[in-house]
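Sequence positions in the sequence shown follow this note's numbering and run 546 to 707.
Worksheet: the structure to be examined is printed underneath.
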Amino acid sequence: MPIAPHRCEALGDRDSRPFAYAIARRRYLMTDNHAAEREYVLRSARDFDVKFIRLWFTDILGHLKGFAITVDDLEDALELGVGFDGAAIEGYSREEESDMRAFPDPTTFSLLPWRPRRNAVARMFCDIRTPRGEPFTGDPRQVLKRNLERLATMGYIYYVGP
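Spelled out as structure tokens, the structure:
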């Protein structure tokens with residue numbers, strides 16, 4: 546059941562309507578499994594005294610990019626994503642369409658072992674989306690997912706490693 550656009554108009558002004566629609570759609574599509582993964586990440590961050598979470602993604606050339614958020618921002622990041630300037634990333638966007646959102650993947654949560662145990666640091670890989678909530682076609686993770694789905698429909702299994 547799709548979410549009607551008129552429900553989202555109350556969430557923001559005219560300029561933020563596409564983003565508000567994406568938020569409402571993401572909440573609607575959240576499955577029990579995703580909610581459990583999200584709760585696991587939030588609980589683990591508390592239990593392991595995590596202070597910062599590094600959000601990682603790659604540019605089109607495969608170079609690791611990222612930024613850090615505090616544990617206080619983690620819940621919002623999991624639900625709404627974190628905005629960043631896509632024009633600063635090689636191969637991402639032109640300047641006039643530079644806004645991007647990084648959505649942390651809860652299944653990739655991991656503590657960085659070379660950091661201290663007290664005030665620990667964790668990392669999560671992100672899926673990159675446009676402000677409208679659509680997967681960004683230039684995101685290497687999205688390209689990989691799309692091709693794996695295509696191969697699966699053809700009957701192939703493809704194993705990927707770093």
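Quick reminder that beta carbons are idealized off the backbone N, C-alpha and C, glycines included.
Kindly identify the DSSP beta-bridge partner or partners of D644. As a first step, residue 644 is located in the sequence shown; it is residue number 99 there, counting from the start. Bridge partners of D644: D630.
Cutoff 6 Å; reference P685; Cβ partners in own chain excluding five residues on either side: Numbered from 1 along the sequence shown, position 140 holds the residue referred to as residue 685. Correct list, in chain order: T603.
Give the range of the beta strand (DSSP E) segment to which L609 is assigned. Numbered from its first residue, the sequence shown carries residue 609 at position 64. Its beta strand (DSSP E) spans residues L609 to T615.
Endpoints, beta strand (DSSP E) assigned at T603: As a working note, residue 603 is residue 58 in the sequence shown. Under the DSSP assignment, T603 falls in the beta strand (DSSP E) whose first and last residues are V595 to T603.
Along the chain, where does the beta strand (DSSP E) that runs through V666 open and close? The residue labelled residue 666 in the question sits at position 121 within the sequence shown. A665 to R674 is the span of the beta strand (DSSP E), which, as asked, contains V666.
Please state whether DSSP places L625 in a helix, a strand or coil. Along the sequence shown, read from residue 1 onward, the residue named residue 625 stands at position 80. DSSP places L625 in the helix class (H, G or I) of the three-state scheme.
Quick one, are the C-beta atoms of F648 and G626 less than 8 Å apart? The residue you call residue 648 lines up with position 103 of the sequence shown. The residue you call residue 626 lines up with position 81 of the sequence shown. It is a contact, given that the beta carbons lie within the stated cut-off.
Going by DSSP in three states, L606 sits in which element: helix, strand or coil? Working through the sequence shown from its first residue, we reach residue 606 at position 61. Coil.
Is the region 689 to 698 in contact with the region 652 to 667, if contact means three or more CB pairs nearer than 8 Å? Segments in contact, no.
What is the DSSP secondary structure of P661, reduced to helix, strand or coil? For this step, residue 661 is matched to residue 116 along the sequence shown. Coil.
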